[in-house]
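Structure first, then comments.
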Amino acid sequence: SRILVTGGAGFIGSHLVDRLIERGEEVLVIDDLSSGKTENLERWFGEKKFKFIKADLSEPGKWIDELKGIEAVFHFAANPEVRVSTTNPEVHYRANVQATFNVLEASRANGAEIFIYASSSTVYGEARVIPTPEDYEPKEPISIYGASKLMGEVLVSTYSRIYGVKSAMLRFANVVGKRSNHGVIFDFIAKLKRDPERLEILGDGKQRKSYIYIDDAIEATLKVMEHMESSQEMSEAFNVGSLDAIGVDDIAYIIEEEMGLGKVEHVFKSATHDGRGWIGDVKVMQLDVSKIMGKTNWKPKMNSREAVRKATKDLLERMEL
Ligand code: NAD
């Protein structure tokens, strides 16, 4: 079938494109290349079943006509940088809310049947229940990024209710692995390459979060798509994460070990009086993934520690810093 992947030149999106094309699907990618790279899709250029369009989804444009005959939409385009959202909230409003609205409208106009939205654990804000289940309330994000992802979810589920497009919201924990170009592992490696004796860790060191390896996240995405094809539900949210969490200092130890470093001094630097690494940093995050495991036969293959170690190896292979 014909599938649209927005943000398909990005980290998660490009892995999804790989799997969809390998399965024989016809894939259209729309991406403005603001953080994505065409190198991530290199192997597909020239293939009949693949088409790439460079366009900014926050502006309606000629890209809308390209959606003719699209059956399923994976909306993965977004600005994923929580820190940027604090200093420049309008960027997140445009890339995450306005673009989601435009993609929904374009999907409706072209009769798409399935809409899968990449949401985030940040919609829960500082949940008092850990691991946090999908129906946890109140959802009170503590970053503009989280707010923008939650706004996207509300638009998506309301479109389902009114216009009948089936939707799923995937609330991802921290996804790590090959082609990732942001986040804690990337930051720590870059810093340790500059100074192998001293590592500045943002926050008070008490952060504990859940990490999922990219292959597990993509597998979950595909399992949810299969589930939707037979499910009666019009719109469902699923947490996608590993079964545990890991402390930020343990992440540092894993990376130092993989880089073959000796003793490294850890220096903590908080951005807020309550020890956050940056404004909007959720200190403790772990998702309850029993819903997706019960409704599909998906199960994460790696825990947080294994995901971080594998992602570190992946990045070390590639980073020339
Ligand atoms: P990414 O930055 O690698 O990918 C996002 C892609 O969207 C990029 O290729 C970028 O160029 C594109 N894009 C951004 N704004 C656009 C616009 N206005 N028009 C067209 N394209 C645009 O980030 P990622 O980590 O792959 O994230 C993918 C999705 O998953 C995002 O929706 C993000 O919010 C969500 N998510 C990611 C994580 C994670 O840990 N990586 C966790 C939770 C949710």
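Going by our numbering, the sequence shown opens with residue 61, and the numbers climb by one from there. Idealized CB from N, CA, C, for every residue including glycine. None of these values were measured; they are calculated from a predicted model.
Asked                                                                                                          : Found
Alpha carbon of Phe-71 to alpha carbon of Phe-136, nearest angstrom                                            : 10 Å
In chain order, each beta strand (DSSP E) run of at least 3 residues that lies wholly inside the region 68-148 : 86-91, 110-114 and 132-135
DSSP state of Gly-185 mapped onto helix, strand, coil                                                          : strand
C-alpha distance - Asp-374 paired with Lys-238, whole-angstrom precision                                       : 5 Å
Bridge partner(s) assigned by DSSP for Gly-335                                                                 : Bridge partners of Gly-335: none, in fact.
Exposed unless 16 or more other CB atoms sit within 10 angstroms - verdict on Arg-231                          : buried
Check: Asn-299 C-beta below 8 Å from any heavy atom of the ligand NAD                                          : no
Check: Pro-140 C-beta below 8 Å from any heavy atom of the ligand NAD                                          : yes
Any 3 or more C-beta pairs closer than 8 Å across the region 209-224 and the region 188-198                    : no
Counted within 10 angstroms of its Cβ, other Cβ atoms place Gln-158 as buried (16 or more) or exposed          : buried
Leu-93 CB to nearest heavy atom of the ligand NAD below 8 Å                                                    : yes
Between the CA atoms of Ile-306 and Ser-15 - distance to the nearest angstrom                                  : Outside the shown range of the chain, which is 61 to 381, sits residue 15, and nothing can be said about it.
Any non-hydrogen atom of the ligand NAD closer than 8 Å to Ile-72 Cβ                                           : yes
Proximity below 9 Å, CB of Phe-328 to CB of Leu-262                                                            : yes
Straight-line gap, Ala-331 to Asn-170 (C-alpha atoms, nearest Å)                                               : 46 Å
Leu-117 Cβ short of 8 Å to the ligand NAD heavy atom set                                                       : yes
Reference Glu-85; option with closest CA among Ala-233, Leu-127, Val-183 and Arg-62                            : Arg-62
Neighbourhood of Trp-358 by C-beta, 7 Å cutoff - its chain only, sequence neighbours within 5 removed          : Glu-279, Ala-280, Lys-283 and Ile-352
Sub-9 Å separation of Ala-277 and Val-235 beta-carbons                                                         : yes
Limits of the unbroken alpha helix (DSSP H) element including Ser-208                                          : 204-223
Sheet register partners of Tyr-271 (DSSP bridge)                                                               : Asn-234
Per-residue DSSP class, three states only, for Leu-381                                                         : Residue placement at Leu-381 is poorly supported in this model, since its pLDDT is 49, which falls under 50; the coordinates still yield a value, given next. DSSP places Leu-381 in coil when its eight states are reduced to three.
Distance cut-off 8 Å: Lys-122 Cβ against heavy atoms of the ligand GDP                                         : In terms of ligand content, the structure shown lacks the ligand GDP and carries the ligand NAD instead.
Proximity test, Lys-238 beta-carbon vs the ligand NAD heavy atom, cut-off 8 Å                                  : no
DSSP state of Asn-170 mapped onto helix, strand, coil                                                          : coil
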